[in-house]
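Visitor: Line by line, the protein sequences are chains A, L and D.
Residues in the first sequence are numbered consecutively from 418, following my numbering.
Residues in the second sequence are numbered consecutively from 84, following my numbering.
Residues in the third sequence are numbered consecutively from 42, following my numbering.
For glycine and all other residues, C-beta sits at the position ideal for the given N, C-alpha and C.
Please read all numbers here as calculations on a predicted model, not as lab measurements.
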Amino acid sequence: MAAARRQGPMWGQFALLLVIMLVCVFPFYWMVTTSLKTQIVALEAPPVWVFEPTLANYREALFEDGVLRTLINSLVIAICTTGLALILGVPAAFALARFEFRGKKDLWFWFITNRMVSPIVLALPFFLIARNLGLLDKHITLILIYLTFNLPIVIWIVTDQFRGIPYDLDEAARLEGASQFTIMRKICLPLAMPGVAVSAIFSFIFSWNELMFGLILTRTEAKTAPAMAVSFMEGYNLPYGKIMATSTLIVIPVLIFALLASKQLVRGLTMGAVK
Amino acid sequence: MKLKSLFASTAIAAMLATGALADSHGWSLKKAAEPYAGTTVDVVFLLRPGYEAIEAMLPAFEEETGIKINIIKHPYENALGEQVRDFVAGGDLDIALIDLVWIGNFAENEWILPLADVQAKFPDAVDPDLDIDDFFPLVLNAFGGWNDTIYGLPFDNYSGLLFYNRCMLEEAGLDGPPKTWADLKDVYGPALTKDGKYAFALQSKRNETQSADSFARMLWPFGGSFLNAEFKSNLLSEESQAGLKFRQDLMQYMPDGIVAYDHAETVNGFAQGDVAMITEWSAFYSTVVSPETSTVADCVEIAPEPMGPAGRKPALGGFSLAVASQADEAEQAAAYLFIQWATSKANAREYLERGGVPARQSVYQEDGLEEFKFVPALVESWQDGVPEFRPRFAEWPEITEIVQEWGTKIMLGEVTTEGGAEEIGTRMEAVLEAAGYYSGDKPLAQ
Amino acid sequence: MRGRVSRKTIFGFIGPAVIGLAVVGIAPLLYALWTSLHFFNLTKLRQVEFIGLKNYLTVLTDEVFWQAMGRTFLLLGTALPLQLAFGLIIALVLHQPGLTLLKTLTRLSLVLPMATTYAVVGLLGQVMFNQKFGVVNQLLGGADINWIGDPDNAFLMIIFWDVWQWTPFVALVLLAGLSMVPGEIEEAARLETSSRWTVLRHVQLPFLLPGLVAVLILRTADTLKLFDMVFTLTRGGPGSSTEFISLLIQRVGFRAFDQGLASAQAVILLIITIILAQIYIRVFYKEVN
Chain A
418 MAAARRQGPM WGQFALLLVI MLVCVFPFYW MVTTSLKTQI VALEAPPVWV
468 FEPTLANYRE ALFEDGVLRT LINSLVIAIC TTGLALILGV PAAFALARFE
518 FRGKKDLWFW FITNRMVSPI VLALPFFLIA RNLGLLDKHI TLILIYLTFN
568 LPIVIWIVTD QFRGIPYDLD EAARLEGASQ FTIMRKICLP LAMPGVAVSA
618 IFSFIFSWNE LMFGLILTRT EAKTAPAMAV SFMEGYNLPY GKIMATSTLI
668 VIPVLIFALL ASKQLVRGLT MGAVK
Chain L
84 MKLKSLFAST AIAAMLATGA LADSHGWSLK KAAEPYAGTT VDVVFLLRPG
134 YEAIEAMLPA FEEETGIKIN IIKHPYENAL GEQVRDFVAG GDLDIALIDL
184 VWIGNFAENE WILPLADVQA KFPDAVDPDL DIDDFFPLVL NAFGGWNDTI
234 YGLPFDNYSG LLFYNRCMLE EAGLDGPPKT WADLKDVYGP ALTKDGKYAF
284 ALQSKRNETQ SADSFARMLW PFGGSFLNAE FKSNLLSEES QAGLKFRQDL
334 MQYMPDGIVA YDHAETVNGF AQGDVAMITE WSAFYSTVVS PETSTVADCV
384 EIAPEPMGPA GRKPALGGFS LAVASQADEA EQAAAYLFIQ WATSKANARE
434 YLERGGVPAR QSVYQEDGLE EFKFVPALVE SWQDGVPEFR PRFAEWPEIT
484 EIVQEWGTKI MLGEVTTEGG AEEIGTRMEA VLEAAGYYSG DKPLAQ
Chain D
42 MRGRVSRKTI FGFIGPAVIG LAVVGIAPLL YALWTSLHFF NLTKLRQVEF
92 IGLKNYLTVL TDEVFWQAMG RTFLLLGTAL PLQLAFGLII ALVLHQPGLT
142 LLKTLTRLSL VLPMATTYAV VGLLGQVMFN QKFGVVNQLL GGADINWIGD
192 PDNAFLMIIF WDVWQWTPFV ALVLLAGLSM VPGEIEEAAR LETSSRWTVL
242 RHVQLPFLLP GLVAVLILRT ADTLKLFDMV FTLTRGGPGS STEFISLLIQ
292 RVGFRAFDQG LASAQAVILL IITIILAQIY IRVFYKEVN
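#1: For residue 236 of chain L, does the three-state DSSP call read helix, strand or coil?
#2: Quick check: is the beta carbon of residue 155 of chain L nearer than 7 Å to any beta carbon in chain A?
#3: So which residues on chain A does residue 209 of chain D lean against when the C-beta distance must stay under 7 Å?
#4: Spell out the partners DSSP gives residue 338 of chain L in its beta bridges.
#5: Just mark residue 237 of chain D as buried or exposed, buried being the case when its beta carbon has 16 or more other beta carbons within 10 Å.
#6: According to DSSP, is residue 170 of chain L helix, strand or coil?
#7: Give the interface partners of residue 150 of chain D over in chain A, defined as CB-CB distance under 8 Å, in chain order.
#8: Let me see if you follow: with CB-CB separation under 7 Å, is residue 676 of chain A close to chain L or not?
#9: Checking contacts by CB at 7 Å: is residue 339 of chain L closer than that to chain D?
#10: Could you please give me the residues that DSSP links to residue 118 of chain L through a beta bridge?
#11: Please report whether the beta-carbon of residue 104 of chain L lies at a distance below 7 Å from any beta-carbon of chain D.
#12: Report the rounded CA-to-CA distance for residue 507 of chain L versus residue 518 of chain A, giving the unit in angstroms.
#13: So residue 109 of chain L packs on residue 149 of chain L, CB below 8 Å; how close in whole Å?
#14: Looking only at its chain, what residues have a beta carbon closer than 6 Å to the beta carbon of residue 608 of chain A, apart from the 5 residues adjacent to it on each side?
#15: With 7 Å as the C-beta to C-beta threshold (strictly closer), list the residues of the stretch 293-322 of chain D near chain A in chain order.
#16: Quick check: what's the CA-CA separation for residue 243 of chain D versus residue 438 of chain A?
#17: Would the beta-carbon of residue 559 of chain A fall within 7 Å of that of residue 504 of chain A?
#18: Can you list, in chain order, the stretches of the beta strand (DSSP E) that have 3 or more residues and sit fully within the stretch 382-449 of chain L?
#19: Secondary structure at residue 228 of chain L, three-state DSSP: helix, strand or coil?
#20: If you run the structure through DSSP and keep just helix, strand and coil, what is residue 352 of chain L?
#21: Confirm, please, whether the CB-CB distance from residue 343 of chain L to residue 288 of chain L is below 7 Å.
#22: Of all the options D/49, D/58, D/51 and D/46, which has the alpha carbon lying nearest to the alpha carbon of residue 571 of chain A?
#23: Going by Cα to Cα distance, which pick from D/152, D/268, D/314 and D/143 is closest to residue 531 of chain A?
#24: I need the straight-line Cα distance from residue 63 of chain D to residue 523 of chain A, nearest angstrom please.
#25: Check whether chain L comes within 7 Å of residue 55 of chain D, counting only Cβ atoms and requiring the distance to be less than that.
#26: Out of L/525, L/369 and L/306, which one is the CA nearest neighbour of residue 354 of chain L?
#27: Express the C-alpha separation of residue 115 of chain L and residue 207 of chain L in angstroms, rounding to a whole number.
#28: Kindly identify the DSSP beta-bridge partner or partners of residue 378 of chain L.
#29: Tell me whether the beta-carbon of residue 113 of chain D lies closer than 7 Å to the beta-carbon of residue 248 of chain D.
#30: Using the beta-carbon of each residue, which ones in chain A are nearer than 7 Å to residue 110 of chain D?
#31: Around the C-beta of residue 55 of chain D, are 16 or more other C-beta atoms found within 10 angstroms, so that it is buried, or is it exposed?
#32: Does the stretch 657-666 of chain A come close enough to the stretch 582-600 of chain A that 3 or more CB-CB pairs lie under 8 Å?
#33: In chain A, which residues lie less than 7 Å from residue 275 of chain D when you measure between Cβ atoms?
#34: Identify every residue that forms a DSSP beta bridge with residue 80 of chain D.
#35: Does residue 548 of chain A get closer than 7 Å to chain L when you measure Cβ to Cβ?
#36: Does any residue of chain L have a CB that is nearer than 7 Å to the CB of residue 84 of chain D?
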């Protein structure tokens, strides 16, 4: 009896889960298959599901159009900016979580507000400043400007994480004469590691995916992969296969990364977002 | 023996093509370039056939001169912004790629140098065979000239042409292409729009396509224009309104959602046999006749654009290359040598055969051009046209945004042709007022 | 005693971050502020002049600006409820016991849309929603819907992609909230009432609230920032039907080159953002904590 009653909703659940998965994954399936089509096949109406795949789009994108180099640029920039955001952000988060001082709330609020500033506000001034300093088309420029959204993420998540660590631990350490820095490094940081990891994952993903600054501040040397994908969109001719091949090349690494880190990512949502 | 002479003659031909052979004046590219070997020249290119053509020819130039051409590729819609930012910031570009509507802007900002100044500065770089009169005068003045001064040499050149699908027209019992816009709408429209096929498609996406390919294309043949002699809006005139209303009427014979059609969608529609006629740039010829991208390659025919009550006023567009003032001496000279070489008479044929469209009159008088079906219509279109098809003054980038916004709104029926024209007019006049045209601060040049 | 440390120590910890963010965040902002008070057109730099608040006046009275603003909030107002509703359903399903493997897989697949490059989402949209060769019309049974070229449909399409990309985020946040409900409390509540709604309302909701607030803050901010996906998908068209606020500013600043006006628009957008963030954080966050 009880088993039969549970059977119904189980099936409903099963179907619902399948639908959710399908909706999530289907666009990627379509992206990858389109990337394996020639232009004529890609433009066939209605679209075909079975066709002879070709790797020509990838060959062309990677080796002729230089997508490979933009991928490397994106990787370098995302890693460096994430590292920098952690170096600057973790101590700040520690201070915000542990110390009492005037204007603390406002300071925290100011950090977080930066996460909400539309990049379009900063794009041109930053362009002109970078030009004056001779920093256009350099990796360092993007590494720095990406701090405007990475640093707030790190501070937001890690502050919450530090707050969750009981005070008794550092109290004991302080009685033994440890400096605040030692307390942070030796006692709190290991306990806050999950939060640090999560914020690193988030800032890596956000940096990897960023388009507008990449479009405006780079040209060739430091061009990022999303900026590259957009540059095929000449109104003259839309090579859909190649655009999708480039898209696949951009998205697959970050998806694999996100899947590998999915446990931390989901946990991060409990910390940064929930608390 | 025979082989040897054949080899020798091809070698000479190759040298001729790159301008390598010293001519009677003793000038040679190699010698002229000697002081500038090792210089790198930065230039923005688009992802279009004319640029691919010159890119393919480039190794010969680089080998001959030791000058390195660094090409930065951008889609058209980003090319203006990219260059403006570079020039404003005193950046690296040594050559300006100038769409005809950008020339007023670039010239007034002195981002580019007048051709004569460059030639005076580097007399040894000037090819005695430059023969500037060989360019179609209309094209040279419209693409490269501003205020009676020539800045750039025409490089990637277009005229609007009527592409039609002979097979579809014949099937519908129509003999030959429409001569007038009225015919196109009243006769060809109903006859060809059926069974999910459409008589016509007019690329109208909200970007430069809307202003140039759609809005302006319908103004001029009906006697309309953007501005009157006093530089006030002429869009509410009877003629302008006739043109805009005609465009609305014509939409019943176009595919749905034409306001989202850019060149690619329009050309695809034609190449897939869904649309019988399009008015497009000459540069698309290779796309619609290539079996790899077109299913109707054998049916493609070309004619000049139809005439309106005011005559044939085909769309005019294209790009010139000019030397940037921000470049240093060596870069300027090297840039000049490249521009001169890329647009030269000697290279025009090869450029054409590789998919470019040169603006040299001489090349079109040569034999063996039958495979380029667009040539007669192109040459006819360039005999006479409206250089200010779109005003070329510095305010165009602002005004085109206005035209794009309200032009699409008119097409979508969100405003009437009068209402939209009034909005464009008011906003356009505000821009011109601010620029000082009405106070007499600025000459009325477009 | 607790937390009292010398100023020097505090500065040592927090100074680098403040300085870093000030250099990359505040300096450009001040520059934008300066620009917004001038006639500052990139192609007319010789005519730069101080014009006071004229740009602001233009923005405040410009219907195009407010239409774009309205459109942006319309998107937020339609997409966010959908994301919350779907997200809650997904979270509740995933929270139920059973089908562990399938649920793990679902959780994994939920991560994918969130991590996808926004610009790529727009490119994908172009391919999938094409009227002729798009797969969406095919899946709708060979429908002939003009998605990209029709103002209303284009807006729906943007909503679709926004919901596709961000519902998983909402779902995972809410799921995290649900998993914080102590098991024994939930069990006890289930024994007392058979109404799922009652359990949700009285037992689970308090644990969901912090997450909901975070979602509200982040989605509002991200909608105001929304650029990449729309830029690659519709470029704001057809007409102005998908021209959201960031696209408008981009168009004025980088296509018409009126940096003065664009900066004024950006400053006003920033003020609106900060006010909203203040409200959200001060009101809701306090309540939550």
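Guide: According to the data block:
#1: Here residue 236 of chain L refers to the residue found at position 153 when the second sequence is read from its first residue. Residue state, collapsed to three classes: strand.
#2: Position 72 of the second sequence, counting from 1, holds the residue named residue 155 of chain L. Residue 155 of chain L counts as touching chain A.
#3: Here residue 209 of chain D corresponds to residue number 168 of the third sequence, with the count starting at 1. Within 7 Å Cβ-Cβ: 441.
#4: The sequence position of residue 338 of chain L within the second sequence is 255, counting from 1. Beta-bridge pairing links residue 338 of chain L to no other residue.
#5: As a working mapping, residue 237 of chain D is identified with position 196 in the third sequence. Exposed is the call here.
#6: Locating residue 170 of chain L in the second sequence gives position 87, where the first residue counts as 1. Looking at residue 170 of chain L - three-state DSSP - the assignment turns out to be helix.
#7: Taking the third sequence and counting its residues from 1, one reaches residue 150 of chain D at position 109. Within 8 Å Cβ-Cβ: 437, 438, 441 and 442.
#8: Along the first sequence, read from residue 1 onward, the residue named residue 676 of chain A stands at position 259. No, residue 676 of chain A lies away from the interface with chain L (no Cβ there is under 7 Å from its Cβ).
#9: As a position in the second sequence, residue 339 of chain L is number 256, starting the count at 1. Closer than 7 Å: yes.
#10: For this step, residue 118 of chain L is matched to residue 35 along the second sequence. In DSSP, residue 118 of chain L forms no bridge with anything.
#11: Within the second sequence, residue 104 of chain L is the residue found at index 21, counting from 1. Caution applies to residue 104 of chain L, whose pLDDT of 46 falls short of 50 and renders its modelled position unreliable; the model cannot decide the point.
#12: Position 424 of the second sequence, counted from the first residue, corresponds to residue 507 of chain L. Position 101 of the first sequence, counted from the first residue, corresponds to residue 518 of chain A. Approximately 57 Å, taken between the alpha carbons.
#13: By 1-based counting over the second sequence, the position of residue 109 of chain L is 26. By 1-based counting over the second sequence, the position of residue 149 of chain L is 66. Contact doesn't hold; Cβ gap of about 20 Å is too wide.
#14: Residue 608 of chain A sits at position 191 when you count from the first residue of the first sequence. Contacts found: 582.
#15: 294, 300, 307, 310, 311, 314, 315, 318 and 322
#16: Stepping through the third sequence from its first residue, residue 243 of chain D is reached at position 202. Stepping through the first sequence from its first residue, residue 438 of chain A is reached at position 21. Roughly 30 Å separates the two Cα atoms.
#17: Residue numbering aside, residue 559 of chain A sits at position 142 when the first sequence is read from its first letter. Residue numbering aside, residue 504 of chain A sits at position 87 when the first sequence is read from its first letter. In this structure, residue 504 of chain A does not lie closer than 7 Å to residue 559 of chain A by Cβ.
#18: 383-387 and 399-406
#19: Numbered from 1 along the second sequence, position 145 holds the residue referred to as residue 228 of chain L. Three-state result, residue 228 of chain L: strand.
#20: On the second sequence, position 269 is the one that residue 352 of chain L refers to. Helix, per DSSP.
#21: Here the question's residue 288 of chain L lines up with position 205 in the second sequence. Here the question's residue 343 of chain L lines up with position 260 in the second sequence. The answer is yes: Cβ separation under 7 Å.
#22: Within the first sequence, the letter at position 154 stands for residue 571 of chain A. Measuring from the Cα of residue 571 of chain A, the nearest candidate turns out to be D/58.
#23: The sequence position of residue 531 of chain A within the first sequence is 114, counting from 1. Minimum Cα distance to residue 531 of chain A is reached at D/314.
#24: Sequence index remark: in the third sequence, residue 63 of chain D carries index 22 (1-based). Sequence index remark: in the first sequence, residue 523 of chain A carries index 106 (1-based). Distance between the alpha carbons of residue 63 of chain D and residue 523 of chain A: 15 Å.
#25: By 1-based counting over the third sequence, the position of residue 55 of chain D is 14. By this cut-off, residue 55 of chain D is not an interface position.
#26: Counting from 1 along the second sequence, the entry for residue 354 of chain L is found at position 271. Measuring from the Cα of residue 354 of chain L, the nearest candidate turns out to be L/369.
#27: Stepping through the second sequence from its first residue, residue 207 of chain L is reached at position 124. Stepping through the second sequence from its first residue, residue 115 of chain L is reached at position 32. So the alpha carbons of these two residues sit roughly 6 Å apart.
#28: Counting from 1 along the second sequence, the entry for residue 378 of chain L is found at position 295. Partner(s): none; residue 378 of chain L has no beta bridge.
#29: Numbered from 1 along the third sequence, position 72 holds the residue referred to as residue 113 of chain D. Numbered from 1 along the third sequence, position 207 holds the residue referred to as residue 248 of chain D. Not a contact, by the Cβ cut-off of 7 Å.
#30: The residue labelled residue 110 of chain D in the question sits at position 69 within the third sequence. Per Cβ cutoff of 7 Å: no residues; residue 110 of chain D is ~12 Å from chain A at best.
#31: For the purposes of this step, residue 55 of chain D is taken as residue 14 along the third sequence, with counting starting at 1. Per the 10 Å Cβ criterion, buried.
#32: no
#33: By one-based count along the third sequence, residue 275 of chain D stands at place 234. What residue 275 of chain D touches in chain A: nothing, since even the nearest Cβ is about 12 Å away.
#34: Indexing the third sequence from 1 puts residue 80 of chain D at position 39. Looking at the DSSP assignment, residue 80 of chain D forms a beta bridge with D/90.
#35: Within the first sequence, numbered from 1, the residue matching residue 548 of chain A stands at position 131. Residue 548 of chain A counts as touching chain L.
#36: Within the third sequence, numbered from 1, the residue matching residue 84 of chain D stands at position 43. With 7 Å as the cut-off, residue 84 of chain D counts as an interface residue toward chain L.
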